[in-house]
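All remarks here apply to the structure that follows.
Number of protein chains: 2
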Amino acid sequence: MEKNDRLLTPGEVALMFRVDPKTVTRWASAGRIGSIRTPGGHRRFRESEVSVLLADLTVEANQQQR
Amino acid sequence: MEKNDRLLTPGEVALMFRVDPKTVTRWASAGRIGSIRTPGGHRRFRESEVSVLLADLTVEANQQQR
DNA sequence: CATGAGTAGGGTAATTGGGGCA
DNA sequence: TTTGTCCCAATTACCCTACTCA
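For the record, the sequence lines run as chains D and F. The numbers in UniProt numbering rise by one with no breaks, and the one at position 24 of the first sequence is 24. The numbers in UniProt numbering rise by one with no breaks, and the one at position 12 of the second sequence is 12.
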């Protein structure tokens with residue numbers, strides 16, 4: 001399902017989740033999110049995977065009550 | 001639909017409504033407000049949705065006067 | 001090669017989640 | 001029924017310095 005394999009930096013992912021870039025780094029270290037390493041050690045994340053996380057985690061309450 | 005996807009933390013939303021952050025959490029659990037979860041389990045809220053809710057409060061205040 | 005922005009580390013403080021109670 | 005509060009464990013945010021990226 002990789003129609004778009006664009007790689008995102010920790011800062012970009014942090015913006016999407018409204019968290020600190022450091023937090024994104026911890027997610028990668030903890031294996032909660034896949035990451036690619038540059039030869040220099042910096043992490044890169046697949047946009048497709050990040051999008052799935054955002055979309056999936058958004059579903060918390062579909063049935064609204066009033 | 002989502003022109004402004006800025007996300008807010010529970011604490012920020014709590015300040016806007018002048019309630020305890022715990023209350024905001026309960027709103028999310030009850031489905032009264034949509035929420036996004038970080039991979040770590042923390043919630044984030046869409047500013048656009050929060051704004052709508054605040055606007056609703058304003059409407060109620062107006063209706064109270066008629 | 002030099003520069004500025006971003007990132008990797010590590011350490012510590014602040015928020016948050018969840019249950020239960022008032 | 002909704003909100004606030006106390007508890008503890010987990011997650012996240014901010015501090016620093018050194019290194020990588022473009």
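We put the CB at the ideal spot given by N, CA and C, even for glycine.
Taking D/Arg-43 as part of the beta strand (DSSP E), name the residues at either end of that continuous run.
-> 43-46
Buried or exposed for F/Gly-34, please, with buried defined as at least 16 other CB atoms from any protein chain shown within 10 angstroms of its CB.
-> buried
Are the beta-carbon atoms of F/Val-24 and F/Pro-39 separated by less than 9 Å?
-> no
Have a look at F/Val-19 and F/Arg-44 and give me their C-alpha separation to the nearest angstrom.
-> 16 Å
Contact with chain F by D/Arg-43, beta-carbon distance below 9 Å = no
Return the Cβ separation of D/Ser-48 and D/Asp-5 in integer angstroms, given the expectation that the two are a contact with Cβ distance under 8 Å.
-> 7 Å
Using the beta-carbon count (16 or more within 10 Å), is F/Leu-8 buried or exposed?
-> buried
Interface flag, D/Arg-6 vs chain F, CB-CB below 9 Å = no
Length of the line joining the Cα atoms of D/Arg-46 and D/Lys-22 | 17 Å
Listed from N- to C-terminal order along the chain, which residues in the UniProt domain "Helix-turn-helix" (7-54) of chain D have their beta-carbon within a distance smaller than 7 Å of any beta-carbon of chain F?
-> Phe-17, Arg-18, Val-19, Trp-27, Arg-32, Ile-33, Leu-53, Leu-54
Among D/Glu-12, D/Ala-55, D/Leu-15, which has the Cα closest to the Cα of F/Arg-37?
-> D/Ala-55
For F/Leu-8, write down the residues that DSSP places opposite it in a beta bridge.
-> F/Phe-45
Tell me, please, whether the CB atom of D/Gln-65 is closer than 9 Å to any CB atom in chain F?
-> With a pLDDT of only 45 at D/Gln-65, under the threshold of 50, the placement of this residue in the model should not be trusted, and no figure is reported.
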